[in-house]
Amino acid sequence: MRKRVLPRSKDLIRNSPLLLCAALMVAAAQASAQDFDDDSASDGKWEFVLGAGGFYEPTFEGAKNYETTGLPYFSITYDDRYSLGIEGLSAKFYDSGTLGLTAKIGYEFDRDEADDPHLAGLGDIEGGATLGFGVDYAAGPIDLYADLERSFGDSDGIIGKFGAEVSRPVGQFLLGANLSTTWGNDNHMQSYFGVTAAQSASSGLAAYEAGAGFKRVDLELSATYAFSENWMLLGQIEIGELIGDAAHSPIVQNTTQTSAGIFVAYSF
1137 MRKRVLPRSK DLIRNSPLLL CAALMVAAAQ ASAQDFDDDS ASDGKWEFVL
1187 GAGGFYEPTF EGAKNYETTG LPYFSITYDD RYSLGIEGLS AKFYDSGTLG
1237 LTAKIGYEFD RDEADDPHLA GLGDIEGGAT LGFGVDYAAG PIDLYADLER
1287 SFGDSDGIIG KFGAEVSRPV GQFLLGANLS TTWGNDNHMQ SYFGVTAAQS
1337 ASSGLAAYEA GAGFKRVDLE LSATYAFSEN WMLLGQIEIG ELIGDAAHSP
1387 IVQNTTQTSA GIFVAYSF
């Protein structure tokens, strides 16, 4: 059964992978002790995770420029169902062992003109609260999932993430792979990839209308190393390719988007 908390994708929190990368990597750390040793399951108990990491990522979705950023992390989990952390509040309200249903309240962060010179003249996209729902199904060694999230910020958009992931313990390592695709509705696509006539005049980019559809495909590879009962080292690399209307947007400088991170976490 998939143990990661909603959201699954960088797009379900914001267009930058930074915050989500931390959330997903440490969510894996929370589950890894159980993956290495089933007797350590924390059913009915509290679990706390503290950590910090560094990330190399695009300055915005579709950027050619990259930045390296550090980020602290915390997470509180109860009964492997309820979680509170920098990624938001989530609750798995149904879990049959093979089928799981999860609800989440989170936050979509801003995309500012100051994030990258290429965004000058496009204006800021203010963040806001998000409400999400996720379904996951364990099909043998593969976990299939579908996540949907609505933003109440400036984008007023809806994003869906659909994918499959697998993880395997190998000695003191937990190795994982995830393949996914992301869909956005009209509001989301126009907010992040569209260019209005007014934005075109102020930015110099051609006017462009982005419609609803699938916007990217991602492959993520991760490794978690448990070097003690509580301490873990996590690494992740993700390669994404923008597709559809997103790929043809004049805002997009590079359709291939890569990110990488390394994280140290302490679970107790």
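Numbering (our numbering), first residue to last: 1137 to 1404.
Backbone N, C-alpha and C define an ideal beta-carbon position, used for all residues, glycine too.
- Does the segment 1299-1306 come close enough to the segment 1331-1339 to have 3 or more Cβ pairs within less than 8 Å? no
- CB contact flag (His1324, Ile1295, <8 Å): yes
- Would you grab the beta carbon distance between Ala1227 and Phe1269 for me? Rounded to a whole angstrom, and I think it's under 8 Å. Wrong, their Cβ atoms sit about 11 Å apart, outside the cutoff.
- With Asn1321 as the anchor, note down where its alpha helix (DSSP H) starts and where it stops. Counting along the chain, Asn1321 falls outside any alpha helix (DSSP H), and DSSP gives it neither H nor E.
- Taking the C-alpha atoms as reference points, what is the distance between Ser1327 and Val1306? 43 Å
- Does the count of Cβ pairs from the segment 1388-1395 and the segment 1363-1375 closer than 8 Å reach three? yes
- Kindly confirm or deny that the segment 1377-1393 and the segment 1356-1368 touch, where touching means at least three C-beta pairs closer than 8 Å. no
- Please go through the same chain and pick out, in chain order, the residues whose beta-carbon is closer than 6 Å to the beta-carbon of Leu1255, but skip the five residues on each side of it. Glu1249
- Task: Could you check if Pro1253 is buried or exposed, using at least 16 other CB atoms within 10 Å of its CB as the buried criterion?
- Result: exposed
- Message: For Asp1231, report the span of its beta strand (DSSP E) as first-last.
- Response: 1224-1231
- Message: Within 10 Å of its beta-carbon, does Val1388 have 16 or more other beta-carbons around it, so buried, or fewer, so exposed?
- Response: buried
- Query: What does a CB cutoff of less than 7 Å around Phe1298 pick up in its chain, not counting 5 residues either side in sequence?
  - Reply: Ala1282, Ser1316, Thr1317
- Message: What I want to know is whether the C-beta of Gly1268 ends up closer than 7 Å to one or more non-hydrogen atoms of the ligand FAD.
- Response: No copy of the ligand FAD appears in this structure; indeed no ligand is present at all.
- Item | Assumed close pair Thr1213, Tyr1243 - CB separation to whole angstroms, cut-off 8 Å | With 8 Å as the limit, Thr1213 and Tyr1243 do not qualify as a contact, their Cβ atoms being about 19 Å apart.
- Message: Please report the straight-line C-alpha distance between Ala1407 and Trp1182, rounded to a whole angstrom.
- Response: No answer is possible for residue 1407: the residues shown for the chain start at 1137 and end at 1404.
- Would Phe1350 pass as a contact of Trp1319 if the rule is Cβ separation under 8 Å? yes
- Task: Measuring alpha carbon to alpha carbon, tell me which of Ala1274, Phe1329, Asn1390 ends up nearest Ser1232.
- Result: Ala1274
- Under 8 Å between C-beta atoms of Asp1292 and Leu1280: no
- DSSP beta-bridge partners of Phe1245: Paired residues: none, contrary to the question.
- Task: Determine which residues share a DSSP beta bridge with Asp1279 and list them.
- Result: Ala1274, Glu1301
- Are there 16 or more other CB atoms within 10 angstroms of the CB of Leu1235, so buried, or fewer, so exposed? exposed
- Message: Suppose only complete runs of 3+ residues qualify. What are the beta strand (DSSP E) ranges in the segment 1306-1355, listed by chain order?
- Response: 1309-1320
- Message: DSSP has Thr1360 in a bridge; who is on the other side?
- Response: Leu1310, Leu1370
- Task: Measuring alpha carbon to alpha carbon, tell me which of Glu1203, Ile1222, Phe1196 ends up nearest Leu1186.
- Result: Ile1222
- If you run the structure through DSSP and keep just helix, strand and coil, what is Ala1239? strand
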